[in-house]
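Trainee: I'd like to ask you about the structure that follows.
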Amino acid sequence: MPEGHSVHRIARQFGADFLGKEVEVSSPQGRFSAGAELISGLELIRSQAVGKQLFLHFGLDKIMRVHLGIYGAWDFAGELTALGTSRESSIGAPRLARAVHIGEEEKDRGESQVAEAQADFPPDPVGQVRARLLTATAVADLRGPTACEVLNPDEVAGVLNKLGPDPANDNSPAAKEEIVARVQRRRVAIARLLMDQQVFAGVGNIYRAELLYRARLNPFIAGAELRTETIEALWDDWAKQLELGIRTGKMMTRDDLTDEEFTEALTDETNRHWVYGRVNQPCRTCGTPIAMEVLSARKLYWCPHCQSR
DNA sequence: CATCGATGTTGAG
DNA sequence: TCAACCTCGATGG
Numbered sequence: 007m008p009e010g011h012s013v014h015r016i017a018r019q020f021g022a023d024f025l026g027k028e029v030e031v032s033s034p035q036g037r038f039s040a041g042a043e044l045i046s047g048l049e050l051i052r053s054q055a056v057g058k059q060l061f062l063h064f065g066l067d068k069i070m071r072v073h074l075g076i077y078g079a080w081d082f083a084g085e086l087t088a089l090g091t092s093r094e095s096s097i098g099a100p101r102l103a104r105a106v107h108i109g110e111e112e113k114d115r116g117e118s119q120v121a122e123a124q125a126d127f128p129p130d131p132v133g134q135v136r137a138r139l140l141t142a143t144a145v146a147d148l149r150g151p152t153a154c155e156v157l158n159p160d161e162v163a164g165v166l167n168k169l170g171p172d173p174a175n176d177n178s179p180a181a182k183e184e185i186v187a188r189v190q191r192r193r194v195a196i197a198r199l200l201m202d203q204q205v206f207a208g209v210g211n212i213y214r215a216e217l218l219y220r221a222r223l224n225p226f227i228a229g230a231e232l233r234t235e236t237i238e239a240l241w242d243d244w245a246k247q248l249e250l251g252i253r254t255g256k257m258m259t260r261d262d263l264t265d266e267e268f269t270e271a272l273t274d275e276t277n278r279h280w281v282y283g284r285v286n287q288p289c290r291t292c293g294t295p296i297a298m299e300v301l302s303a304r305k306l307y308w309c310p311h312c313q314s315r
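Now the structure itself:
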């Protein structure tokens, strides 16, 4: 799935273009018909991302929870606020007629699709659309989610209770203390803890590998063995990478590039990472072949030389 | 055109 | 530990 940064981008897109409006909710595919009926016509009063969870609040006690799972995605079309894609870009540019896809990868749809969306708004749903959220000027189609349901505040609290801190929402000293405690209390490899949403909410398989490499940390050291400063540094770097991901819409974890190389790598995913997806390719720092091992059914990539301790 | 694999989670066994 | 969930781009024939 899109890791935490994408979900925050999605929450911001809703915040910019759907907040304060009455939203017509439907389920073209049919599998969310009952839920859609509960919230259709209500005003969106809050758009919130926590880790990989999205909460759209329709009034105080009807909250739509969406989790994209491994291949879910939102397609936005209509008059949309451009969220920005460059390192320095600010979020909240003027609204333009656009079509945007936010899933594993985020991309603007081509000109033809934008023109089509303008000429014929709202567009007919294409394929399996679990949920459609429609205002007078914008539409959002959800496909392939792992979760899409309407909850009450108690149920939302139950979900939030199972999530660790998310630095995009709270990067306070208290949050840092919390992450240190959650890591140090576990005799489990840090590579697993990074993927545990009860510890690092929002981290996924790419950020996991990249954060470990950036820290030059051995993925197999148990949380309980890590020094406080090491965990704090990991948290600080996660906060930094997440913020960059939210700003650019891309997981660009390298910091050894010039501005031009950086911009170019944004459009070329083979160059965005230190170790992720690079099994047997030479480490960008020492040339040692990148190692890969399946851990809890997910592929972990690391450099056995740079990350030996 | 068929098959594979993916930035995830849940629940059965 | 593994299948299931259910989508789609990349890959191979």
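To convert, take the position in the first sequence, counting from 1, and add 6; that gives the numbering used here.
Yeah, the Cβ is synthetic: ideal placement off N, Cα and C, and Gly gets one too.
#1: Using the Cα positions of A153 and E112, report the straight-line distance between them to the nearest angstrom.
#2: Comparing alpha-carbon positions, which option in D126, A125, V72, A144 lies nearest V106?
#3: Considering only the alpha carbon of each residue, which of H311, K305, E275, K168 lies closest to P288?
#4: Which complete alpha helix (DSSP H) runs does the region 278-307 hold, if anything under 4 residues is left out?
#5: Less than 8 Å between the CB atoms is what I'm expecting for G251 and H11, so what's the real figure, rounded?
#6: Mark K58 as exposed unless 16 or more other C-beta atoms lie within 10 angstroms of its C-beta, in which case mark it buried.
#7: Take L5 and list the residues in its own chain whose beta-carbon comes closer than 7 Å to its own, dropping the five residues that flank it on each side.
#8: Grouping DSSP H, G and I as helix and E and B as strand, with all else coil, what is T87?
#9: Just to confirm, are R315 and N224 a CB contact at a threshold of 8 Å?
#10: Can you name, in chain order, every residue of its own chain whose Cβ lies under 7 Å from the Cβ of R304, other than the five neighbours on each side?
#11: Thinking R278 and M258 are a contact (beta carbons under 8 Å), I'd like their distance in whole angstroms, please.
#12: Identify the continuous alpha helix (DSSP H) that holds H14 and give its terminal residues.
#13: What residue range does the alpha helix (DSSP H) around Q190 cover?
#14: Any idea if L218 is buried or exposed, counting beta-carbon neighbours within 10 angstroms, 16 or more meaning buried?
#15: Whose CA, out of W280, R71, V13, lies closest to the CA of L263?
#16: At what residue ranges does the region 196-250 contain a whole run of the alpha helix (DSSP H), taking only runs of 4 or more?
#17: What would DSSP say about R138, mapped onto helix, strand or coil?
#18: Buried or exposed, going by whether 16 or more other CB atoms sit within 10 Å of the CB of P100?
#19: Taking only three categories from DSSP, how would you classify P100?
#20: Give every residue of the same chain whose Cβ lies closer than 7 Å to the Cβ of L248, excluding the five residues on either side of it in the sequence, and list them in chain order.
#21: Could you compute how far the alpha carbon of E231 sits from the alpha carbon of Q19?
#22: For S95, name the three-state secondary structure that DSSP assigns.
Mentor: Reading it off the structure:
#1: 20 Å
#2: A144
#3: H311
#4: none
#5: 3 Å
#6: buried
#7: Outside the displayed span of the chain (7 to 315) sits residue 5, for which this structure offers no information.
#8: strand
#9: yes
#10: M201, N211
#11: 5 Å
#12: 10-23
#13: 179-190
#14: buried
#15: W280
#16: 196-201, 211-220
#17: strand
#18: Residue confidence is low: P100 scores 46 on pLDDT, short of 50, so the model does not pin down where it sits. No coordinate-derived value is stated.
#19: Residue placement at P100 cannot be trusted, given a pLDDT of 46 that sits under 50; the coordinates are not used to answer.
#20: G10, H11, P173, A174, G208
#21: 40 Å
#22: In this prediction, S95 scores a pLDDT of 43, lower than 50, which makes its location untrustworthy; no coordinate-derived value is stated.
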